[in-house]
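Going left to right, the sequence shown walks through residues -24 to -1, 1 to 82 as mature numbering (1 follows the signal peptide of the UniProt record, and there is no 0) numbers them.
Idealized CB from N, CA, C, for every residue including glycine.
Below: one structure, written as structure tokens.
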Amino acid sequence: MKQKFLALSLGFGALILATQHAFAQQTNNCADRERVVERLSETYGESRQSIGLAPNNSVVEVFASLETGTWTITVTNPSGMTCLVASGQAFEATNGDLTPAKGTAL
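Here's what the structure looks like:
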């Protein structure tokens, strides 16, 4: 369990670093938010599963298809430019709290 928590923490750290890198590059992985959301929906059947605010007032969103398991993480800057940060397969929605109870080892 300790290894799982460490891997999750490292993954979020990498995501933050990738977010900054994605906006610096502004490559083909970026487009107007409306266009990106439409493509994720039409091509992959993905819809927004979660949302959060990142540094510099950027919005981080996780899109996923509960049917196929594909997922995509996007970051949108205040001007509306959205960049794809990561994508993959085997998405699972979780309802439980991943933090251990006090006094419980990871």
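Contact between V61 and T50 holds: CB atoms are separated by about 6 Å, below the 8 Å threshold. Pairwise C-beta distances place the stretch 25 to 32 out of contact with the stretch 6 to 14, as fewer than three of them are shorter than 8 Å.
Here the C-alpha atom of R15 lies approximately 43 Å from the C-alpha atom of K78. Beta-bridge partners assigned by DSSP to R24: F39. For L16, DSSP assigns no beta-bridge partner whatsoever.
T46 is a Cβ neighbour of F67, given a cutoff of 8 Å.
Here E18 is exposed, its C-beta having fewer than 16 other C-beta atoms within 10 Å.
Judged by DSSP secondary structure, T75 falls outside any beta strand (DSSP E); it is assigned neither H nor E. Per DSSP, V61 has no beta bridge partner at all. Around the beta carbon of A69, a 10 Å sphere encloses fewer than 16 other beta carbons of the protein chains shown; the residue is thus reported as exposed.
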